[in-house]
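Undergrad:
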Amino acid sequence: MEKIWQKHYPKGVPLEINPEEYSSVVDLFERSCGKFNDKVAFSNMGTKITYEELNYLSAEMASFFQNHAGLKPGDRVALQMPNILQYPVALYGALRAGLVVVNTNPLYTPREMKHQFNDAGVKAIVILETAAAHLQQILDDPN
């Protein structure tokens, strides 16, 4: 099968990663942050974030999950965000905290959200304030 997306990889980016070289996704992430410290990790709507910034912000997010949200390794956290720079910060923060990430569609209705959160055993959610109205409907529902 032709992997047409590989034509768009920047020069020097490997086409494959040997999973035997890393103990976990977090290990791969942390090594990448060290290796590409000053390079852009993500860009969105004219804003860029370097690996160094992503490393710092995701560590802060992991600390928040553990020390303020009271989440423990193995707990499930839903991430309900569009493609914005806050998503990789929350994703890698959750992984660094040992959490299980439950990706959820920001276009879900309250009924769909409630089903997914209950089915997955979600203990916390990271959501944009602008999308929180549907979440509030679920929180206000006594069932």
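If you're matching positions, the sequence shown starts at -1 in my numbering and goes up one per residue. Virtual Cβ for every residue (Gly too), placed ideally from N, Cα, C. These numbers were taken from a predicted model, which means no experiment stands behind them.
What residue does the alpha helix (DSSP H) around Lys5 start on, and which one ends it?
TA: Here residue 5 corresponds to residue number 7 of the sequence shown, with the count starting at 1. No alpha helix (DSSP H) contains Lys5, which DSSP labels as neither H nor E.
Undergrad: Whether or not the region 107 to 115 and the region 79 to 88 are in contact is what I'm after, with contact meaning three or more pairs of Cβ atoms, one per stretch, closer than 8 Å; do they touch?
TA: Touching, no, given that fewer than three Cβ pairs across the two stretches are closer than 8 Å.
Undergrad: Report, in whole angstroms, the separation of the C-beta atoms of Ala92 and Val120, which I expect to be a contact under 8 Å.
TA: The residue you call residue 92 lines up with position 94 of the sequence shown. The residue you call residue 120 lines up with position 122 of the sequence shown. No, Ala92 and Val120 are not in contact; Cβ-Cβ is about 12 Å, not under 8 Å.
Undergrad: For Gln114, which option in Thr102, Ile82 and Gln135 has the closest C-alpha, if you only look at C-alpha atoms?
TA: Translated into positions along the sequence shown, residue 114 becomes position 116. The option with the nearest alpha carbon to Gln114 is Thr102.
Undergrad: For Val24, does the three-state DSSP call read helix, strand or coil?
TA: Within the sequence shown, the letter at position 26 stands for residue 24. Three-state result, Val24: helix.
Undergrad: Would Tyr49 pass as a contact of Asn35 if the rule is Cβ separation under 8 Å?
TA: In the sequence shown, residue 49 corresponds to position 51, counting from 1. In the sequence shown, residue 35 corresponds to position 37, counting from 1. A contact, by the Cβ cut-off of 8 Å.
Undergrad: How should Met(-1) be labelled, buried or exposed, when 16 other C-beta atoms within 10 angstroms of its C-beta is the threshold for buried?
TA: On the sequence shown, residue -1 is found 1 positions in, with the first residue counted as 1. So Met(-1) counts as exposed.
Undergrad: Can you tell me whether Asp73 is buried or exposed? The criterion is at least 16 other CB atoms within 10 Å of its CB, across all chains shown.
TA: Numbered from 1 along the sequence shown, position 75 holds the residue referred to as residue 73. Buried.
Undergrad: What does the alpha-carbon distance come out to for the pair Val11 and Ser30?
TA: Translated into the one-based positions of the sequence shown, residue 11 becomes position 13. Translated into the one-based positions of the sequence shown, residue 30 becomes position 32. If I take the Cα positions, the gap works out to 12 Å.
Undergrad: Since I believe Met111 is in contact with Ile82 (beta carbons under 8 Å), could you give me their beta-carbon distance rounded to a whole number of angstroms?
TA: On the sequence shown, position 84 is the one that residue 82 refers to. On the sequence shown, position 113 is the one that residue 111 refers to. In fact, because the Cβ distance is near 19 Å, the residues do not count as touching under 8 Å.
Undergrad: Compute the Euclidean distance between the alpha carbons of Ser61 and Ala129, then round it to the nearest angstrom.
TA: Against the sequence shown, residue 61 aligns to sequence position 63. Against the sequence shown, residue 129 aligns to sequence position 131. Those two C-alpha atoms are separated by around 24 Å.
Undergrad: Output the boundary residues of the beta strand (DSSP E) element that contains Phe40.
TA: Locating residue 40 in the sequence shown gives position 42, counting from the first residue. Val38 to Asn42 is the extent of the beta strand (DSSP E) around Phe40.
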